[in-house]
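600 is the number of the first residue of the sequence shown in my numbering; add one for each residue after it. Note that the Cβ used here is the ideal one computed from N, Cα and C, for glycine as well.
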Amino acid sequence: MEQEFASTLLESAVSEFAKLPGIGRKTALRLVLYLLRQNESASVSFGEAIIRLRKEIKYCNKCHNISESEVCPICSNPSRDESVICVVENVKDVMSIENTHQHYGLYHVLGGLISPMDGVGPQDIEIDSLVERVKEGSVKEVILALSATMEGDTTNFYIFRRLAPYPEVKITMLARGMSVGNDIEYTDELTLGRSILNRTLFSDTFAKER
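This is how it looks when you write it as structure tokens:
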């Protein structure tokens with residue numbers, strides 16, 4: 600039975616917190632009551648931080664990573680190797696790979712994986728913009744750093760086919776140090792770092808699987 604609240608303001612706040620992933624109404628109530636116990640300035644700062652995040656955050660024009668400017672700090676960093684692009688599913692994967700300190704190139708965030716069962720096709724994620732970046736001619740290697748799942752493998756193969764007209768570009772993928780079925784974000788940094796360093800040609804891996 601759903602809990603009733605004497606205050607509509609409390610009810611409204613709990614309902615909003617409960618919309619967050621992994622947050623049930625009991626946890627939402629605990630969080631709201633915690634905020635109420637803090638100084639008013641702490642609650643105001645919390646609210647302002649969320650509002651600023653929503654209003655001011657942008658997505659990089661080049662790689663689609665989150666950014667506070669039109670081009671993210673990684674893409675605008677002159678010390679990064681622009682000839683190597685690491686393709687990932689989401690922003691969390693960028694963070695995971697950056698934490699390994701083993702990738703010194705740029706990124707391309709797809710914003711999802713091809714999943715026909717979920718109604719997600721190639722047109723729903725940022726594959727066309729990846730092809731455009733490769734078409735510009737400065738890219739020498741594309742690293743497919745997607746999760747070792749059916750959706751990840753399907754997306755890998757589709758990208759490999761889309762980039763086939765550019766044989767001068769080496770297409771590699773993470774070494775299968777990660778267990779099949781694992782998401783990038785849940786792989787420990789040591790394993791992920793080794794997978795980047797020991798990456799293999801996608802064509803070789805595809806040939807073995809066939």
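Classification of His700 by the beta-carbon crowding that lies within 10 angstroms, buried from 16 upward:
Residue environment: His700 is assigned as exposed (fewer than 16 neighbouring CB atoms within 10 Å of its CB, all protein chains considered).
DSSP three-state call for Tyr706: helix, strand or coil?
If DSSP states are grouped into helix, strand and coil, Tyr706 belongs with the strands.
Can you give the Cα-Cα distance for Thr754 and Ser640, rounded to whole angstroms?
Each residue's Cα considered, the two are about 46 Å apart.
Based on the DSSP output, what are the partners of Thr748 in its beta bridges?
Thr748 is not bridged to any residue.
Separation of Phe801 from Asn664, as counted between CA atoms
Between Asn664 and Phe801, the C-alpha separation is close to 24 Å.
Which of the three DSSP states is assigned to Tyr658 in this structure?
Here Tyr658 sits in strand by DSSP.
Just mark Ala648 as buried or exposed, buried being the case when its beta carbon has 16 or more other beta carbons within 10 Å.
Residue burial annotation: Ala648 is exposed, with fewer than 16 other C-beta atoms found within 10 angstroms of its C-beta.
Measure how close the beta-carbons of Leu709 and Ile724 come, nearest whole angstrom, since I'm counting them as under 8 Å.
Contact flag correct, Cβ pair sits at about 4 Å.
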